[in-house]
Each structure stands twice: as structure tokens, then as C-alpha cells.
Amino acid sequence: MGAGGGGRGMNGAAASAARYAEAFARREPALPGHDLAWLRDVRRAAADAFSRSGFPTPRNEHWKYTNVAPIEKRAFDLDGAGAAPRAAPGNGASGTLPGGNGTSGAFLDGGGAPRLVIVDGRLDPGLSNLEALPPGVTVEDFPRALERDAAFFESLLARIVRPEKTAFAALNTAFMDTGAVVRAAPGAVADAPVHLVFVSGAEGRERAYSPRIVIAAGAGARIAVVEHFLGLDGAVYLDNVVTEIDVAEDAAVEHYKVQQAGAAAYHVAALEARLARGASFHSWAVSLGGRLSRHDIDVTLDHEHARCSLDGLYMANGRQHTDFHTNVEHVAPHCASHEYYKGIAGGRGRGVFNGRVHVHPHAQKTEAHQTNRNLLLSRNAEIDTKPQLEIHADDVKCSHGATIGQLDEQMLFYLRARGIAESAARGMLTYGFARDVVERIARPGLRGPIGAAVLGHLPGGGDLREILQ
Amino acid sequence: MLEIRDLRVAVDGKDILTGLDLRVAPGEVHAIMGPNGSGKSTLAHVLAGRDGYEVTGGEILFEGRPLLDLAPEERACAGLFLAFQYPVEIPGVNNTYFLKAAVNAIRKHRGEPELDAMDFLALVREKLAVLHMDESLLKRGVNVGFSGGEKKRNEIFQLAIMEPRLAILDETDSGLDIDALKDVAKGVNALRSPERAIILVTHYQRLLDHIVPDRVHVLSGGRIATSGGQDLALELESRGYEWVREAAAGA
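The structure is reproduced here in C-alpha cells:
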């Protein structure tokens, strides 16, 4: 490490901060909601916070294993979507989407579920389908929702994910100009998950996207939302996503995140959920694509009888780097959290897991369990895992376990002794390792396509299709 | 079918097999007996191609071809099957999927068409009945949560499905109750045919009451000390292994 801040020259960091500040000044008058004084203040405070902090360096404990210098060095285009709709991928754009014949073949919903599709930061009404929404559920793109009902956002936007929390959250809050808003009225029940699909990198520009996703479930409502990020493999871009989730009393939100960014892309996402009394939140996330990706998942349990389960799978092959940071704040008594994460790294891939559970002094009768298991497929792969339990109450049930291992030689020999070629045997065992995470997807209709996406990212996984049955 | 000539094998620098010779012809059932540590399981593992065994001398021909050059999967495809003493549990890999993948890998190697789901299921049901195995075992991970007896039945079930040319049963009888032993023996006896050979590696004689061997060999000190018919096994049962060791030392 040099003296200049995590290996970067201060001049580079200052120049980068200045570029973001200039871009903000230029775009501010035209950003969605620019006529709302409160939102202007929020954006300006966020821009100032970013100017002060700059991008994090590995000297920051939260970013110790994930160096974002490559993001800082890139001069991403911050000008947002242009005036005219761009060609959708498959309509003349170069590159291919993972898992698909054109755009719609890459979708996870099989065509029938309600979905909002945003291509290069702009709503694509042709690919979207919001006809099948159940009563009481609305889905809109972010600028439109802000225009229609600004009052809804004032007590919510940037209140759950606070901009000062990370430099990326600040940056997103300053520039947020696309995204989606899912609202469920009290008591509304949606049987089919709502799919939010973001396709990035279809333009030639090296863009930074700032999508904002807001999910609000009224008292007793039950909804499921899928965030699916796709990107073209040749494209260099940054997805800088912030998701805010508000779960009212006795409501239940299931959130699925499928990260299939393009192979050269950067994907940074912060999600935070706020739970009222008796509310439940289930997060299921898989990180497959991207050159570098980072997921921050935070849940605050500050009302009694709230519960969350956080499940995830991260895979890093080639030179991919993927990082999951979870943080559960047990503030109120009688709450439960369950975490189950698995990671797989091959090639020169690198995985990071940091799971913090903080049980506050008054949070008696807390139940908090965390499991993190990791699999290394090659000598040069690396995974760093850090369970971090801070328990300040005495009447609690807490557990954690973290492991890092390799494929079991006895299992490998057993399969080969039955005639299965070594590469196929390795693929089977690797999917076998990941399988129980996929099976934690509560919706059977999502399990198949997401399992197929996971399998598609395994070396030789294409030959093992039947393992999904 | 199988010809082992002067086989010498070391593990971690220690000699385990010290010049073993064995010929097995098609249609024959051979029992390899011997005290603990005599090298019985080493022989079974070397035949199947497990890592960690250093062959320091000799050769093995399987149907006229050198076996030691082949990877474990190539040996399986060539028709060799090892029923494991300690079948490993493989969580996350469904038993049915595994079986179908294994059967079809071998069929593909033989140039036969792969079995479709219907044909496969019919084959599986027929063999399950022979071994008194519950169909629900197929839906679980490979050997996951199986009792010791279920694991051994599952090995013989796989043997019945794969129909190899040469089957090696490594201590399949250990830990089996009498009902399971009879089912296993029934499964193995059903496979006896003029084209197929079977090697039973066992410490005890009782399996041989149910699967009657053509030849019995006693391993001692890393080589075959004596060979005979079923009478030899009965003699071992009454006199123990010590006299073989003494006889071998005196020879």
C-alpha cells in the first residue's frame, strides 16, 4: 500500500470526486423531482457526503477485501438516459445477454408474471407487462412514481438507506434517476412475484446507472419482488443500486435478487429493510455476473416479533470478485434472524462474506443464527469470511458457523467409480453444494429458472441440466 | 477376464501388497479372505483406481488390456464395478439423477442409446424390488441419511442396474443383519452368469454360505498365501487365520 490512500494517489481521488461533483451540478436541474424542495435537499446532502468521503479505500474496515479503485479510475458517463429510447439488446446492440436468446429469453418469469423492464435506465413499455397485477398492488418506474405521488416518498426515501452510510449509497441518492417502486396496500396479497428487470450496457457509452428501488408493503400485505440485473458481456458499466424496503405490521415481503451483470461490469448494491411489529422479510440473493460486485444487506429489527431470513449464494470464476456484507440489528426483543450463505470460487476468483449480527442490550429473547459455507475449486481462488457477532443481551439464542473447504475427494472418486467423467463429477458436486441454497427459494416457479442460471455459471454446468429435476 | 501378475503396492512408503497373483475367468466367483491389514481392501481400491496407492511393481490386465493406465471412470465404463465398504454420502446430488447419469455414461461409452426416463424408471423399480428397497430412497441425496444396511443395499442395487463384467464387493457383508445379508446375496446371485465374474472381499465366511464361491484365496502378508474351494473358507472359520500365517511363514 502506498501512502496515498489504499494505493491510490490523492490527486486521482480528488479528480474523481470533482468529476462527480461537476456532473451533479450539471444534471441537478433536470433530475426527477427537482421541483421538490425536500428532495433537492436530500440530493444535495448526498452529493456533499460523497464529495467529503470519496470512494472507500481498503483502509476502511468495510472495504478491506474489496478494492473499488477500478471503479474510481473509470470515467463513467454520468449523464443518464438520453432523450430518445435506445435500441434494446437483441435489436442491433452488440454483445449477448447471459442465458438468453435476446432479451426476453433471459427473463426468469417465463413470460406470464407482472414485470417492469428498464433498459439502459429507461422504462421499456414494450417489454414490460403490468396487466396481471393483483388489486392493491402498484408497480411504477421511479421517475413516474415520484411525479404521481411525491408525498409518499417524503417520509421514506433516503430514510431507510441513509446516504451517509456508504459512498455508493450517497452517489445513488444524488443521481437516482431510474428504478422501480412497488407498493402493496394494506392487506393486499400478490400470488405471483413482481419482476423488476434491469438491462444494462446496451449502449456504447460506459455508463454509471443509479437505479432506486422502493418496496413498501402495507399492514398485513404479502408480496414477492424479484430484482434481476442483466448486462451485455462486452460492456463496461456500473450498476449502483439502492433498494429500500418498508414492511408494515404483520406484512411479509420476499425479495429475490439475481445478479447477472455483464462479465466486464461493476455492480454495487445496497439493500435495507425496515420491519414493523410482527413483520417478516425474506431476502434471497445470488451473485453470478460482473467483474466486481458488492452487496450490502441490512435489516433493522426494532419492533417486537419481527423476523427475517437472509439467504444467498455467490460465485466467482475467472477473475471475478464478489462481496456480501450483511448486517442485522436486533434492537427489539422477541425478534428472529436466520442467515444462510454459500460461496463458490474457482479460477482466480475471490469471494468475501462479512456477516454482522448486533444484539442490543434490550433485545432479550433474540434468536439469531448465521451459517456461511464456502467452496474453493482451485488453488488460486480465495474466499474471506468473517462472522461478526456482537451480543449485548443475555437471554438470547445465537449461533454462527463459517467453513471453507474443497470438493471432497471421496465423493469425487465415488462418482468416477460409477463411470461419471471427472469434469461432470466436479460439476455435480459443485451444484450439489449450492443446491440447498436454491431450494430455500420459497416460490417453486422461481426455483427452476434461478437454478438453471446458477448451473449456467458453473464450469461444465451446461451438461448437467437434468440435475435440476 | 482379470489377470493380476506380481502386484506390489505401497501406501505412504509402506508395502501393503508384496507380489500378488490372481486369475479370474468369466463366470467365476472368487472370495478373497484374510485377517485385518492383510491388504484385501487395498486390492479392491487399486482395482477401482483410487488415488493414494503407489503401484511399485507388477501389472493388471482386464480383458487383455492394462488396467492401471485407465482413470476410474474409464474402468467403470470398461465394465468394472466396486461395491464400496463405506459408501460416501453425497448431499445435494439426487440418487435418481446420479444413477441415471452413471448408467447413461456407461451406455454412451458402449455406443448404446441413453435410457429415457420411462425405461430407466422401469429398470429401477424391478431392481428395487429384488433388494427390498423403498422407492423413497431414490429421492434423497446419494446415500444421505441411509442406515448402514441401506447403504450396502444401495451398492448392490447400483451393481444390479449397471450390470458390469467384473464386480468387486469390498466387505459388503460387514455390519449387515441376516435379512439384509440375504437380500444382498440374492441380488448378487441373480447377477451370476457365464459372462460375468465376481470377487468377494470378506473377512468372514458367513457371506459365502449365501454366495457360494468357485475359488477361495487367503491373503496374508500382502500376497495370496493359499487357495482352495469353499472348504477352505469353512476351515478358516473353525481354525482362524493364524494357521495360514504360520503355514505361509513355514513355506
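Note that the protein sequences, when read in sequence, are chains A and B. All residue numbers for the first sequence refer to our numbering, where the first residue is 31 and numbers rise by one. All residue numbers for the second sequence refer to our numbering, where the first residue is 1042 and numbers rise by one. Backbone N, C-alpha and C fix where the C-beta goes; we use that ideal spot for every residue, glycine too.
Quiz item: Start and end of the beta strand (DSSP E) containing T273(A)?
Solution: If you number the first sequence from 1, residue 273(A) lands on position 243. Where T273(A) is concerned, the enclosing beta strand (DSSP E) stretches over 268 to 277.
Self-check item: Cut-off 8 angstroms between Cβ atoms - residues of its own chain near A1201(B), not counting five sequence neighbours on either side
Solution: For the purposes of this step, residue 1201(B) is identified with residue 160 of the second sequence, where counting begins at 1. Around A1201(B): K1168, V1171, L1172, G1228, A1231, L1232.
Quiz item: CB G319(A) to CB Q290(A), shorter than 8 angstroms?
Solution: In the first sequence, residue 319(A) corresponds to position 289, counting from 1. In the first sequence, residue 290(A) corresponds to position 260, counting from 1. Yes. Within cutoff.
Practice problem: Kindly say whether M458(A), judged by its beta-carbon, lies nearer than 8 angstroms to any beta-carbon of chain B. | Solution: Working through the first sequence from its first residue, we reach residue 458(A) at position 428. Answer yes: the Cβ-Cβ gap between M458(A) and chain B drops below 8 angstroms somewhere.
Quiz item: Are the C-beta atoms of L488(A) and some chain B residue less than 8 angstroms apart?
Solution: Here the question's residue 488(A) lines up with position 458 in the first sequence. No, L488(A) does not count as interfacial toward chain B.
Quiz item: Would you say C1118(B) and G449(A) are within 8 angstroms of each other, going by their C-beta atoms?
Solution: Along the second sequence, one-based indexing puts residue 1118(B) at 77. Along the first sequence, one-based indexing puts residue 449(A) at 419. For the pair C1118(B) and G449(A), the CB atoms are nearer than the 8 angstroms cut-off.
Quiz item: In chain A, what lies closer than 7 angstroms to Q1126(B) by C-beta?
Solution: By one-based count along the second sequence, residue 1126(B) stands at place 85. The contacting residues do not exist; Q1126(B) stays about 12 angstroms from chain A at best.
Quiz item: Alpha carbon to alpha carbon, what distance is there between L445(A) and R116(A)?
Solution: Your numbering for residue 116(A) matches position 86 in the first sequence. Your numbering for residue 445(A) matches position 415 in the first sequence. Residue confidence for R116(A) is low, a pLDDT of 48 falling below 50, so the modelled location carries little weight; the figure read from the coordinates is stated next. So the alpha carbons of these two residues sit roughly 50 angstroms apart.
Practice problem: Report yes if the C-beta of I1209(B) is less than 7 angstroms from at least one heavy atom of the ligand SAH; otherwise report no. | Solution: Ligands are entirely absent from the displayed structure, and the ligand SAH is therefore not among its contents.
Quiz item: Using the beta-carbon of each residue, which ones in chain A are nearer than 7 angstroms to Q1271(B)?
Solution: Residue mapping note: residue 1271(B) aligns to position 230 of the second sequence, counting from 1. Within 7 angstroms Cβ-Cβ: nothing; Q1271(B) doesn't reach chain A, min ~29 angstroms.
Quiz item: Three-state secondary structure (DSSP) at Y371(A)?
Solution: For this step, residue 371(A) is matched to residue 341 along the first sequence. Note: Y371(A) maps to strand in three-state DSSP.
Exercise. Taking C-beta pairs closer than 7 angstroms, name the residues in chain E that I450(A) reaches, listed in chain order.
Key: In summary, chain E is missing from the structure at hand, where the protein chains are A and B.
Self-check item: Residue of S1261(B), R1194(B), D1047(B) minimising C-alpha distance to E1100(B)
Solution: Within the second sequence, numbered from 1, the residue matching residue 1100(B) stands at position 59. The shortest Cα separation from E1100(B) among S1261(B), R1194(B), D1047(B) belongs to D1047(B).
Practice problem: Return the chain-ordered ranges of every alpha helix (DSSP H) run that is complete within the stretch 1138 to 1219 of chain B and spans a minimum of 4 residues. | Solution: 1158 to 1171, 1189 to 1203
Quiz item: Taking only runs of the alpha helix (DSSP H) that begin and end inside the stretch 398 to 466 of chain A, which ones reach a length of at least 4 residues, in chain order?
Solution: 439 to 446
Self-check item: Reference S1079(B), options L1111(B), Q1126(B), I1265(B), D1214(B), closest by Cα
Solution: The sequence position of residue 1079(B) within the second sequence is 38, counting from 1. The option with the nearest alpha carbon to S1079(B) is I1265(B).
Self-check item: Closer than 8 angstroms to chain B by CB, Q440(A)
Solution: For the purposes of this step, residue 440(A) is taken as the residue at position 410 of the first sequence. Nearest CB-CB separation between Q440(A) and chain B: below the 8 angstroms threshold.
Quiz item: When the cut-off is 8 angstroms and only beta carbons count, does E397(A) lie next to chain B?
Solution: As a position in the first sequence, residue 397(A) is number 367, starting the count at 1. Between E397(A) and chain B, the shortest Cβ-Cβ separation is not below 8 angstroms.
Quiz item: Is there a Cβ from chain A that is less than 8 angstroms from the Cβ of Q1246(B)?
Solution: As a working note, residue 1246(B) is residue 205 in the second sequence. It does not: the Cβ of Q1246(B) has no partner Cβ on chain A nearer than 8 angstroms.
Quiz prompt | Cβ pair count under 8 angstroms reaching 3, the stretch 290 to 305 of chain A against the stretch 326 to 338 of chain A | solution = yes
Quiz prompt | Below-8 angstroms beta-carbon distance, A1089(B) vs any chain A residue | solution = Walking along the second sequence from the start, residue 1089(B) turns up at place 48. Chain A, which has a Cβ nearer than 8 angstroms to the Cβ of A1089(B), makes this yes.
Exercise. Starting from the Cα of D1214(B), find the closest Cα among R1206(B), F1187(B), H1251(B) and give me that residue.
Key: The count along the second sequence starts at 1 and reaches residue 1214(B) at position 173. Taking only the C-alpha atoms, the option nearest D1214(B) is H1251(B).
Exercise. Drop a sphere of 10 angstroms on the beta-carbon of A210(A), count the other beta-carbons inside from all chains shown, and report buried for 16 or more, exposed for fewer.
Key: Along the first sequence, one-based indexing puts residue 210(A) at 180. By the Cβ neighbour-count rule, A210(A) is buried, with 16 or more other Cβ atoms within 10 Å of its own.
Quiz item: Got a sec? Which residues, its chain only, sit under 6 angstroms from L343(A) by beta carbon, not counting five neighbours each side?
Solution: Here residue 343(A) refers to the residue found at position 313 when the first sequence is read from its first residue. Same-chain partners within the cutoff: V316, K372, A464, V467.
Quiz prompt | Boundaries (first-last residue) of the alpha helix (DSSP H) holding K103(A) | solution = Position 73 of the first sequence, counted from the start, is the residue given in the question as residue 103(A). Its alpha helix (DSSP H) spans residues 99 to 103.
Exercise. Specify, as a first and last residue, the run of the beta strand (DSSP E) that V211(A) falls within.
Key: The count along the first sequence starts at 1 and reaches residue 211(A) at position 181. Counting along the chain, the beta strand (DSSP E) containing V211(A) begins and ends at 208 to 214.
Practice problem: Give me the Cα-Cα distance between R324(A) and E102(A), rounded to the nearest whole angstrom. | Solution: The sequence position of residue 324(A) within the first sequence is 294, counting from 1. The sequence position of residue 102(A) within the first sequence is 72, counting from 1. Cα to Cα, the separation comes out at about 15 angstroms.
Self-check item: Counted within 10 angstroms of its Cβ, other Cβ atoms place F259(A) as buried (16 or more) or exposed
Solution: For the purposes of this step, residue 259(A) is taken as residue 229 along the first sequence, with counting starting at 1. Classification for F259(A): buried.
Exercise. Evaluate A398(A) with the Cβ neighbour count: other Cβ atoms within 10 Å of its Cβ, from every protein chain shown; 16 or more gives buried, anything less gives exposed.
Key: Within the first sequence, numbered from 1, the residue matching residue 398(A) stands at position 368. A residue is called buried once 16 or more other Cβ atoms fall within 10 Å of its Cβ, and A398(A) is buried on that count.
Quiz prompt | Start-to-end residues for the beta strand (DSSP E) that takes in N1135(B) | solution = As a position in the second sequence, residue 1135(B) is number 94, starting the count at 1. First-last of the beta strand (DSSP E) with N1135(B): 1131 to 1135.
Self-check item: Within 8 angstroms, strictly: CB atoms of T415(A) and A432(A)
Solution: Reading the first sequence from its first residue, position 385 is the one you call residue 415(A). Reading the first sequence from its first residue, position 402 is the one you call residue 432(A). Yes; because the gap between Cβ atoms is below 8 angstroms, this pair is in contact.
Quiz item: Looking only at C-alpha atoms, which of P363(A), W68(A), Y370(A) sits nearest to T356(A)?
Solution: Reading the first sequence from its first residue, position 326 is the one you call residue 356(A). Selected option, being the one with the closest Cα: Y370(A).
Quiz item: Nearest-angstrom Cα distance between D353(A) and G1060(B)?
Solution: Numbered from 1 along the first sequence, position 323 holds the residue referred to as residue 353(A). Numbered from 1 along the second sequence, position 19 holds the residue referred to as residue 1060(B). Going by the C-alpha atoms only, they are around 55 angstroms apart.
Quiz item: Which term fits S313(A), buried or exposed, when burial requires 16 or more other beta carbons within 10 angstroms of its beta carbon?
Solution: For the purposes of this step, residue 313(A) is identified with residue 283 of the first sequence, where counting begins at 1. Residue burial annotation: S313(A) is buried, with at least 16 other C-beta atoms found within 10 angstroms of its C-beta.
Quiz item: For V219(A) versus A247(A), is the C-beta distance shorter than 8 angstroms?
Solution: By one-based count along the first sequence, residue 219(A) stands at place 189. By one-based count along the first sequence, residue 247(A) stands at place 217. Contact flag unset, no.
Practice problem: Determine the chain A residues that contact A1117(B) at a beta-carbon separation under 7 angstroms, and present them in chain order. | Solution: In the second sequence, the residue the question calls residue 1117(B) occupies position 76. Ordered by position in chain A, the residues that pass the 7 angstroms Cβ test against A1117(B) are A447, R448, G449.
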